[in-house]
Structures are given as structure tokens and as C-alpha cells.
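In UniProt numbering, the protein residues as written are 1 to 274. We treat Cβ as the ideally placed atom computed from N, Cα and C, and that holds for glycine. Worksheet for the structure shown next.
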Ligand SMILES: NC(=O)C1=CN([C@@H]2O[C@H](COP(=O)(O)OP(=O)(O)OC[C@H]3O[C@@H](n4cnc5c(N)ncnc54)[C@H](OP(=O)(O)O)[C@@H]3O)[C@@H](O)[C@H]2O)C=CC1
Ligand SMILES: O=C(O)C1=N[C@H](C(=O)O)C[C@H](O)C1
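Next up, the structure:
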């Protein structure tokens, strides 16, 4: 495919676990070209991100200057920024990308519901497409859809998410999105059966607006896993997804890059573009 018709993509957080995998996936996609690799790691500045990611030279040096990279990407036209960084800076980074007309595909989790609403309003005003995707793995979307079906029949549900212990945010963006999706059945989950006392604070996990308890486990050795457990008298129905390798997220990342281009507003969740 000619360079002209390739989608220019910036990866923010390119040195990270997800960032490196995404760099490789873009390098292997005929219809995309990596034009920028941003990371805050000072040791990597100027190094070729292709060499770092292990897919050979791409002639894209790592930079810490997101704004300059967005300006350059804007001049390419129809550009996309994939963000896989950290909850602390994500809101400002997505706003900046929208302001420069570079369409954000946000893998970074930790945005508050209020921030998502504000970004949606900003994207709409700017007529710039934006995707916030708490989980790029198709198996997770299937698990969420199965959970939505089960929620029609079960009134009691809890979510257990398990991740590696380098994860900054808890609970996971996936667990929050799963609980939000169950709102669609319009019922109040987990009606109390007894008056509960926590003798150890947090023992029952965090409780969402939907009255769903979320429990977060962090251990080395884990990658990204989630269980949605439904209970009813005499039965327990458990749905589980295991991400064994970050490669499972890459088809969803590439799909999101392609699907964000024609959008003029913000969509939240991979299910919205399947
Ligand atoms: N949507 C999905 O399917 C998935 C989402 N994620 C999410 O993606 C994010 C990244 O995860 P992961 O790759 O495991 O994390 P890592 O810590 O491995 O990578 C994050 C990278 O971004 C860098 N970084 C942090 N803040 C900034 C910033 N403001 N600007 C530029 N670079 C920055 C980090 O540098 P340093 O090392 O110096 O901190 C690091 O190199 C998390 O929010 C995670 O929840 C992860 C997997 C799947
Ligand atoms: O930090 C991670 O690793 C992951 N984060 C996302 C989340 O918070 O849901 C997606 C996936 O679970 C991996």
C-alpha cells in the first residue's frame, strides 16, 4: 500500500508493555504507518522505537514531546494517537490530541465518568472522533455480553478482576465498564439479605453505583483476568476471561485505529465498533 493511503499513528506510552506490542502490531499492518513514539522515559529519547520493540528499525525516534508530535501528526492529516500511558495524565493528553485534530484511541484506564462526559462534549464540539476502549480483547466483550444476558435472570452478581502488580489503577477499567453495562437491565443488584459488618475494611470490595461489588487482586505472574460471578438459590454461574499475553489486545487496537477515522464524536467501549 502506498504511504499516502496509510493511516499515520502516534503511540503515546510507546516504551511500555502495551506500547511496545502496539508498535509491533502497527509495523505489521499494511494500512498504517507509525509516525510518532512518545514516552516519558528519559533513557530512551532518540532511540529507534522499532529496535526497542523488537521489530527492527522503523526510523521513528522516541520523544518525550507529545505536543510537538501531535503538531507533526496533524500536518500528516487523518492521524490517530493510541494512548497507553498512565491514569494521571490521560485526561489532558486526550484533550490535547482532540484539540490538534488527532483522533485518540484511548487504551489507558482510570478516566472518571465525569472526565469521559467532558471529553465526549469536547470531541463533539471539535467534530473529532475519539474511542475510549477499556479492553481491546474480543473475549472480554463476549464475556460482558454473556454477563448482560445472565443479569436478566440473576439479581446477585460480583466482579473479581485479577492483574499483574505493576497496574496503577484499581479497579480495572474493564470491571467498571462491565458493571456499567449491567445497568442496562435496570434492576438494583445484590439486595441486602442481612445487615453486614466489615471487621476488616474493604473486605467486601468496592461497590459501584449499580450496587455491584468489585474485588481487585494484584499479583506478579498474572496478566489480566476477570470473573463475573452470579448467584441464585442453589446455583452459581461464573464467567471468566484470561488474557495470557498482551498480543490478545492487538486485533482490537488495529480495529479501533481504523474505526476512529470516520467518527465525529466519542464512543466508549469496543462493543460500539464491532
Ligand atoms: N484497553 C486495554 O485493552 C488495555 C489497557 N491497558 C492500560 O494501558 C495503560 C498502560 O499499561 P501498560 O502498558 O501495562 O503500562 P506500562 O507502565 O508498561 O507502560 C506505560 C508507559 O507509558 C509511560 N508513561 C507514563 N506516563 C506517561 C506520560 N504522561 N506520557 C508519556 N508516557 C508516559 C510509562 O513510563 P514509566 O515507565 O516511566 O512510568 C511507560 O513507559 C494502563 O492504563 C493499562 O490499564 C493495558 C492493557 C490492555
Ligand atoms: O493494566 C492492565 O494490564 C489492563 N488494564 C485494562 C483495565 O484496566 O481494564 C485492560 C486489561 O484488563 C489490562
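Just to confirm my understanding: we take residue 184, look at its own chain, exclude 5 residues before and 5 after, and list those with CB closer than 7 Å. What are they? On the chain shown, position 184 is the one that residue 184 refers to. Only 148 meet the Cβ criterion.
Cut-off 7 Å between Cβ atoms - residues of its own chain near residue 2, not counting five sequence neighbours on either side: Translated into the one-based positions of the chain shown, residue 2 becomes position 2. For residue 2, the predicted structure reports a pLDDT of 49, less than 50, and the residue's modelled location is therefore unreliable. A value from the coordinates is still provided. There are no such residues.
What are the complete alpha helix (DSSP H) segments, minimum 4 residues, inside the region 2 to 44? Restricted to the region 2 to 44, the alpha helix (DSSP H) segments that are unbroken, complete and at least 4 residues in length are 17 to 27, listed in chain order.
DSSP three-state label for residue 63, please. In the chain shown, counting from the first residue as 1, residue 63 sits at position 63. In this structure, residue 63 counts as strand in the three-state DSSP scheme.
Classify residue 4 as buried or exposed, calling it buried when 16 or more other Cβ atoms lie within 10 Å of its own Cβ. Residue 4 sits at position 4 when you count from the first residue of the chain shown. By the neighbour-count rule (16 or more Cβ atoms within 10 Å), residue 4 is not buried but exposed.
Within its chain, find whatever has a CB closer than 7 Å to the CB of residue 57; leave out the 5 residues flanking it on each side and keep chain order. If you number the chain shown from 1, residue 57 lands on position 57. The residues are 48, 50 and 51.
Tell me whether residue 129 is buried or exposed, calling it buried when 16 or more other Cβ atoms sit within 10 Å of its Cβ. As a working note, residue 129 is residue 129 in the chain shown. Label assigned to residue 129: buried.
Rounded straight-line distance, which links the Cα of residue 230 to that of residue 101: In the chain shown, counting from the first residue as 1, residue 101 sits at position 101. In the chain shown, counting from the first residue as 1, residue 230 sits at position 230. Between residue 101 and residue 230, the C-alpha separation is close to 43 Å.
Limits of the unbroken alpha helix (DSSP H) element including residue 140: Residue numbering aside, residue 140 sits at position 140 when the chain shown is read from its first letter. That run of the alpha helix (DSSP H) goes 138 to 151.
Using DSSP with H/G/I as helix, E/B as strand and the rest coil, what is residue 100? In the chain shown, counting from the first residue as 1, residue 100 sits at position 100. In this structure, residue 100 counts as coil in the three-state DSSP scheme.
Where the beta strand (DSSP E) containing residue 227 begins and where it ends: The residue you call residue 227 lines up with position 227 of the chain shown. Start and end: 224 to 232.
For residue 161, the residue or residues it bridges with in DSSP: For the purposes of this step, residue 161 is taken as the residue at position 161 of the chain shown. According to DSSP, residue 161 bridges with 216 and 226.
Alpha carbons only, please: which of 123, 109 and 112 is nearest the one belonging to residue 96? In the chain shown, counting from the first residue as 1, residue 96 sits at position 96. When each option's Cα is compared against that of residue 96, the closest is 123.
On the three-state DSSP scale, how would you describe residue 71? Taking the first residue of the chain shown as position 1, residue 71 is located at position 71. Three-state result, residue 71: helix.
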